[in-house]
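Trainee: The structure under discussion is supplied below as structure tokens; questions concerning it will follow.
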Amino acid sequence: MPEIDFYIRKLDVSDTVQNFKVGSQEYLPLKTFLQKQAKHFQQSSIAQTYVAVTDEKNIIGYVTLTCSEIDLQNGYELADCSHANNYEFLPAVKIARLAVDNRFRNCGIGATLIDYAIALIQDNIAANVGCRFIVTDAKNEAVSFYEKQGFVLLDSAGNHAAEHLLMFLDLVRLR
Ligand SMILES: CC(C)(COP(=O)(O)OP(=O)(O)OC[C@H]1O[C@@H](n2cnc3c(N)ncnc32)[C@H](O)[C@@H]1OP(=O)(O)O)[C@@H](O)C(=O)NCCC(=O)NCCS
11 MPEIDFYIRK LDVSDTVQNF KVGSQEYLPL KTFLQKQAKH FQQSSIAQTY
61 VAVTDEKNII GYVTLTCSEI DLQNGYELAD CSHANNYEFL PAVKIARLAV
111 DNRFRNCGIG ATLIDYAIAL IQDNIAANVG CRFIVTDAKN EAVSFYEKQG
161 FVLLDSAGNH AAEHLLMFLD LVRLR
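Note that our numbering has the sequence shown beginning at 11, numbered continuously upward.
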């Protein structure tokens, strides 16, 4: 794995995001989101974006987080709090977007963005507000990547048939 010197911080209004490349056409919405919407979403408190940067100007990856919930559809049992199994939805933070510039993939940046998000959610959200899960709607090609980061596929008939697969990480099981 090539060594890239980078760090992660919140997207800033002054960031120039024009150089970010995603490679193939299918990932263009991830480029458009970063270039055209991420700052608006941030200012409007819809979603917060954290960027991996090699220096102050060069963004090489990002993850966007927003509040969410998960319907476990009887596909997962909470053994430690059985009463919570009665609720249709349980609290979660969603990884709404995740992308690494195609020139920097397979260098550990995606995994580091996930680790950063997990730590941020555990320390700042789950510690202060009920939040049990991290969820994401994964494209088929990204399922193994998320599995390597500890996410599991929701085991329900509806999910197995879905275009984007609901994956989740149980924050309590990480303790
Ligand atoms: C998926 C993505 C974010 C991964 O980022 P990355 O920086 O290339 O991944 P990393 O280098 O951190 O990889 C971490 C591990 O996952 C593996 N991995 C990376 N991409 C993978 C993929 N698409 N499928 C399976 N495994 C993958 C790596 O080999 C590495 O394995 P290791 O820990 O055994 O060495 C990146 O490929 C990307 O931006 N893809 C296009 C957009 C996308 O699919 N986003 C996900 C939203 S659904």
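Backbone N, C-alpha and C define an ideal beta-carbon position, used for all residues, glycine too.
These numbers come from a predicted model, not from an experiment.
1. Quick one: does the C-beta of I69 sit closer than 7 Å to a heavy atom of ligand 1?
2. Which residues mark the beginning and the end of the beta strand (DSSP E) in which Y126 is found?
3. For Y17 and T64, I'd like the C-alpha separation in whole angstroms.
4. Cβ of G120 versus every heavy atom of ligand 1: is any distance shorter than 7 Å?
5. Just to confirm the assignment, what range does the beta strand (DSSP E) spanning K49 have?
6. Please report how far the alpha carbon of A94 lies from the alpha carbon of I80, in whole angstroms.
7. Excluding the five sequence neighbours on either side, which residues of its own chain have a C-beta within less than 6 Å of the C-beta of I124, listed in chain order?
8. Mind the definition here: the stretch 81 to 89 touches the stretch 113 to 129 only if three or more C-beta pairs lie below 8 Å; say whether that holds.
9. Using three-state DSSP, classify G160 as helix, strand or coil.
10. Return the CA-CA distance between Y37 and N96, expressed in angstroms with no decimal places.
11. In this structure, does DSSP put P12 in helix, strand or coil?
12. Answer yes if the stretch 48 to 61 comes into contact with the stretch 141 to 148, meaning at least three C-beta pairs across the two stretches below 8 Å, and no otherwise.
13. Determine the direct distance from the alpha carbon of G118 to that of E157, and round the result to whole angstroms.
14. Check the C-beta distance from V32 over to L40 and give it rounded, since I have them as a contact under 8 Å.
15. Indicate whether at least one CB of chain B lies closer than 8 Å to the CB of T76.
16. Please report the straight-line C-alpha distance between V23 and D90, rounded to a whole angstrom.
Mentor: In brief:
1. I69: no, Cβ never under 7 Å from ligand 1.
2. Taken as a continuous stretch (DSSP letters only), Y126 belongs to no beta strand (DSSP E), being part of the alpha helix (DSSP H) at I119 to L130.
3. Whole-angstrom Cα-Cα distance: 7 Å.
4. Correct: G120 has its Cβ closer than 7 Å to ligand 1.
5. Not the beta strand (DSSP E): K49 falls in the alpha helix (DSSP H), residues A48 to Q53.
6. Taken atom to atom, the span from the alpha-carbon of A94 to that of I80 is near 12 Å.
7. Taking C-beta separations shorter than 6 Å and ignoring five residues to either side along the sequence, the partners of I124 in its chain run Q159, following chain order.
8. No: fewer than three Cβ pairs fall under 8 Å.
9. In the structure shown, G160 sits in coil (DSSP, three-state: anything other than H, G, I, E or B).
10. A direct Cα-to-Cα measurement between Y37 and N96 gives close to 38 Å.
11. Coil.
12. Output reads no: the stretch 48 to 61 does not touch the stretch 141 to 148.
13. Spanning the two alpha carbons is a distance of roughly 15 Å.
14. At roughly 5 Å, the Cβ-Cβ gap stays under 8 Å, so V32 and L40 are in contact.
15. Although the question refers to chain B, the structure presented lacks it and comprises just one protein chain.
16. Taking C-alpha positions only, V23 is separated from D90 by approximately 42 Å.
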